[in-house]
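Chains H and E are the protein sequences, given in the same order. Numbering follows numbering that gives the first Met the number 0, with no gaps: position 153 of the first sequence is 152. Numbering follows numbering that gives the first Met the number 0, with no gaps: position 145 of the second sequence is 144. Reading through the structure tokens given below for one structure.
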Amino acid sequence: MYIATGLAVLISVILDRKKTLVALNIAWKKFIAILPAFLTMLILVSIVLFIVPDTMISQYLGNESRFTGIICASSFGSITLMPGFVAYPLCGILLKKGVSYMVLAAFTTTLMMVGILTYPVEKEYFGVKVTIIRNVVSFFIALLIALAIGFFFGEL
Amino acid sequence: MMKMQKKTIKFLAMLAYGAFLLASFLLGFSPGKQIGYNFFSFSIEMLRILPCAFILIGLFEVWVKKEKVEKHLGRESGFIAYLWVILLAGTTVGGLYVAFPVAYSLYHKGAKLSVIFTYVGAAAICRIPMTIFEASFMGLRFSFIRLLVSIPLVLVSSIWLGNYLEKRNYKIMSGK
Numbered sequence: 000m001y002i003a004t005g006l007a008v009l010i011s012v013i014l015d016r017k018k019t020l021v022a023l024n025i026a027w028k029k030f031i032a033i034l035p036a037f038l039t040m041l042i043l044v045s046i047v048l049f050i051v052p053d054t055m056i057s058q059y060l061g062n063e064s065r066f067t068g069i070i071c072a073s074s075f076g077s078i079t080l081m082p083g084f085v086a087y088p089l090c091g092i093l094l095k096k097g098v099s100y101m102v103l104a105a106f107t108t109t110l111m112m113v114g115i116l117t118y119p120v121e122k123e124y125f126g127v128k129v130t131i132i133r134n135v136v137s138f139f140i141a142l143l144i145a146l147a148i149g150f151f152f153g154e155l
Numbered sequence: 000m001m002k003m004q005k006k007t008i009k010f011l012a013m014l015a016y017g018a019f020l021l022a023s024f025l026l027g028f029s030p031g032k033q034i035g036y037n038f039f040s041f042s043i044e045m046l047r048i049l050p051c052a053f054i055l056i057g058l059f060e061v062w063v064k065k066e067k068v069e070k071h072l073g074r075e076s077g078f079i080a081y082l083w084v085i086l087l088a089g090t091t092v093g094g095l096y097v098a099f100p101v102a103y104s105l106y107h108k109g110a111k112l113s114v115i116f117t118y119v120g121a122a123a124i125c126r127i128p129m130t131i132f133e134a135s136f137m138g139l140r141f142s143f144i145r146l147l148v149s150i151p152l153v154l155v156s157s158i159w160l161g162n163y164l165e166k167r168n169y170k171i172m173s174g175k
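As structure tokens, this is what we get:
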């Protein structure tokens with residue numbers, strides 16, 4: 000990604016130096032404008048990850064019945080934030096422990112689509128109303144995806 | 000006035016948070032240290048991605064003409080517009096927090112609401128590097144079914160939400 004960005008900037012400089020400077024200025028201004036929202040998000044993330052650590056998530060996803068499993072999984076997925084390189088290995092381990100695909104799908108999909116912690120950033124761009132609608136809709140989509148996975152893997 | 004107050008409170012809360020972290024590290028308070036560790040690891044993760052994302056957004060704003068975006072992703076665009084943004088989403092790195100500013104710029108260049116919601120949804124579920132990673136842990140079948148089911152759902156819901164807001168003349172404010 001650094002290479003791609005570097006190349007893009009280089010090409011832009013060759014084509015038009017002034018325009019490139021304007022672009023970098025826009026980039027900087029936009030970044031600064033949203034920085035407080037990002038900071039808020041990071042603070043929330045750091046606290047929530049402390050309250051809800053990975054070990055707790057594994058415990059809840061593994062021990063419950065399917066139905067409670069899905070509810071727990073989608074709640075955890077919605078309230079936490081995890082990069083893919085942490086989430087998928089965790090799911091891989093849970094899968095080996097016998098957690099169903101359906102429950103893991105509920106977890107990963109809400110993790111990706113529903114962002115309670117990204118709310119401070121999202122509302123700055125789209126407004127409160129749209130942010131809430133989008134997240135609620137995404138939550139139900141994630142549940143549907145989990146059910147579909149459960150159906151295709153014969154877990155229902 | 001209200002807004003000023005809210006800002007001051009927020010600033011004070013951030014200051015208190017910073018002071019709490021500092022005190023935790025000085026006094027060896029382990030929950031505080033854990034929170035601090037979480038904060039720094041996520042900050043670094045984001046700082047690795049965000050500068051590139053914003054530079055690319057800046058270049059996009061300068062070089063891409065509004066008419067072009069309007070024509071391909073705007074109100075007159077057809078179904079292919081959704082295909083374009085899903086492909087764009089596939090190459091997006093990071094997560095939703097990168098997709099939001101990109102969607103915002105697309106919107107202000109003339110992309111319609113349903114298209115940018117599709118972009119955000121697709122950026123959440125079908126980023127290519129993430130999907131490859133997913134498949135390696137969950138199996139190809141899992142990723143395949145997930146994509147096949149989720150893309151239509153994202154499309155339908157985005158078109159519904161876009162049209163619903165468009166009918167109510169909803170505008171996303173500018174200036175971010």
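Glycine included, C-beta positions come from ideal geometry on N, C-alpha and C.
E:Gly93 sits close to E:Ile48, with the two beta carbons spaced by under 8 Å. Cβ-Cβ distances below 6 Å link E:Val119 to Ala98 and Ala102 in the same chain, with the five nearest sequence neighbours on each side left out; the list follows chain order. DSSP places H:Pro88 inside the alpha helix (DSSP H), whose first and last residues are Gly83 to Lys95. In this structure H:Gly5 is exposed. Its beta-carbon is surrounded by fewer than 16 other beta-carbon atoms within 10 angstroms.
For E:Met172, the chain H residues whose C-beta falls within less than 8 Å of its own C-beta are Gly126, listed in chain order. Take the alpha-carbon of E:Ile8 and the one of E:Gly31: they are about 21 Å apart. Ranked by how close their Cα comes to the Cα of E:Lys65, the residues E:Gly57, E:Leu105, E:Leu112 and E:Ile56 have E:Leu105 in first place.
Among the CB atoms of chain E, none fall inside 8 Å of the CB of H:Tyr118. Distance between H:Phe151 and H:Ala145, taken at the CA atoms: about 10 Å. With respect to E:Ile54, H:Ala3 sits apart: the two C-beta atoms are not nearer than 8 Å. Residue ranges of uninterrupted alpha helix (DSSP H) with 4 or more members, entirely inside the stretch 51 to 103 of chain E and ordered along the chain, are 65 to 72 and 79 to 89.
Secondary structure note for H:Leu41: its alpha helix (DSSP H) is the uninterrupted segment Arg16 to Ile50. If you check the CB distance, H:Val120 and H:Met55 do not come in under 8 Å. At a cut-off of 8 Å between beta-carbon atoms, E:Phe53 makes contact with chain H.
When the Cα atoms are used, E:Ser142 and E:Gly89 turn out to be separated by approximately 14 Å.
Only exposed fits E:Phe24, as fewer than 16 other CB atoms lie within 10 angstroms of its CB. For H:Ser137 and H:Ile13, the gap between their C-alpha atoms comes out near 43 Å. Distance between E:Gly35 and H:Ile42, taken at the CA atoms: about 9 Å.
E:Cys51 and H:Tyr1 have their C-alpha atoms roughly 7 Å apart. Here the alpha carbons of H:Leu142 and E:Ile124 stand approximately 14 Å from one another. Annotation: the stretch 104 to 150 of chain H contains the following complete segments of the alpha helix (DSSP H) (minimum length 4 residues), in chain order: 118 to 125. Listed along the chain, the chain H residues whose CB falls inside 9 Å of the CB of E:Trp83 amount to none; the nearest CB is some 18 Å away.
Put simply, of E:Ile150, E:Met137 and E:Gly73 the residue whose alpha carbon is nearest the alpha carbon of E:Lys108 is E:Gly73. Interface with chain E (8 Å Cβ-Cβ cutoff): H:Leu103 is included. Taking C-beta separations shorter than 7 Å and ignoring five residues to either side along the sequence, the partners of E:Leu154 in its chain run Tyr81 and Thr117, following chain order. DSSP, reduced to helix, strand and coil, places E:Leu26 within a helical segment of the structure shown. Following the DSSP letters along the chain, one finds H:Gly68 inside the alpha helix (DSSP H) bounded by residues Arg65 to Ile78. Beyond the five residues adjoining it in sequence on each side, H:Gly149 comes within less than 6 Å, by CB distance, of Met101 and Leu155 in the same chain, given in chain order.
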